[in-house]
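For the sequence shown, the numbering used here begins at 58 and goes up steadily by one. Just so you know, even glycine gets a beta-carbon here, dropped at the ideal spot from N, CA and C. Only one structure is covered here, and it is reproduced in the block below.
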Amino acid sequence: MQLLSTILLAGTVSAVSSGHILAKRCSPMPDPNVKNGYFPPAPCWHTFTPDCKNHIAPSTEQYVSAARHTAVIMGVSDYCFKDIEEEQAREADGRATWGWTKKHGKLTRVPNTNILVITEMPDDAVKAYQAMAAPQS
Numbered sequence: 058m059q060l061l062s063t064i065l066l067a068g069t070v071s072a073v074s075s076g077h078i079l080a081k082r083c084s085p086m087p088d089p090n091v092k093n094g095y096f097p098p099a100p101c102w103h104t105f106t107p108d109c110k111n112h113i114a115p116s117t118e119q120y121v122s123a124a125r126h127t128a129v130i131m132g133v134s135d136y137c138f139k140d141i142e143e144e145q146a147r148e149a150d151g152r153a154t155w156g157w158t159k160k161h162g163k164l165t166r167v168p169n170t171n172i173l174v175i176t177e178m179p180d181d182a183v184k185a186y187q188a189m190a191a192p193q194s
């Protein structure tokens with residue numbers, strides 16, 4: 058066991074000293090009570106890097122009003138809106154949810170569009186959305 062630990066440590070030191078940075082891999086957290094059996098690393102209207110940093114999803118635009126605690130996201134997929142509907146249905150009948158309303162705010166689709174409006178955002182969500190940028194390729 059000690060030999061294995063020594064080998065792993067040597068490999069880590071070698072990777073760091075040679076300029077290779079070891080990055081945390083972003084994995085969903087398992088929970089059999091929520092939809093699909095896990096908490097996704099980011100809501101469906103965002104994307105994320107391997108180290109779990111949320112970004113604006115490709116093909117979307119995001120506008121944030123800190124004064125109104127509101128965000129508008131354009132270009133949200135129909136698949137994402139179905140996940141939002143499921144999240145809201147689970148919340149309404151008391152089943153386990155991903156916590157999107159608590160974390161992000163009230164989620165509303167503008168009818169017949171691909172626009173998501175998030176209102177009643179907590180202060181930390183407003184700050185996170187303001188700091189968010191599109192991922193660099």
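Item                                                                                                           : Value
Pick from Ala182, Ile130 and Lys160 that is closest to Glu144, judged by C-alpha positions                     : Lys160
Val73 in three-state terms, based on DSSP                                                                      : Note that Val73 has pLDDT 43, beneath the 50 cutoff, so the model's placement of it is unreliable and the number below is only indicative. In the structure shown, Val73 sits in a helix (DSSP, three-state: H, G or I).
contact_flag[the segment 119-139, the segment 165-174] where n(CB pairs < 8 angstroms) is 3 or more            : yes
Helix, strand or coil at Ala146 according to DSSP, with G and I counted as helix                               : helix
Cβ neighbours of Val121 in the same chain (closer than 6 angstroms, five flanking residues each side left out) : Ala128, Tyr186 and Gln187
Those residues which DSSP pairs with Ala128 across a bridge                                                    : Val121 and Ile175
Unbroken alpha helix (DSSP H) run spanning Thr158, endpoints                                                   : Trp157 to His161
Strand pairing of Thr165, partner residues [DSSP]                                                              : Val174
Bridge partner(s) assigned by DSSP for Thr106                                                                  : Looking at the DSSP assignment, Thr106 forms no beta bridge with any residue, so it has no partner.
Residue of Ala124, Thr165, Cys109 and Asp88 minimising C-alpha distance to Lys184                              : Ala124
Helix, strand or coil at Asn90 [DSSP, three-state]                                                             : coil
Nearest neighbour of Pro89, chosen from Thr104, Asp108, Trp155 and His103 [CA to CA]                           : Trp155
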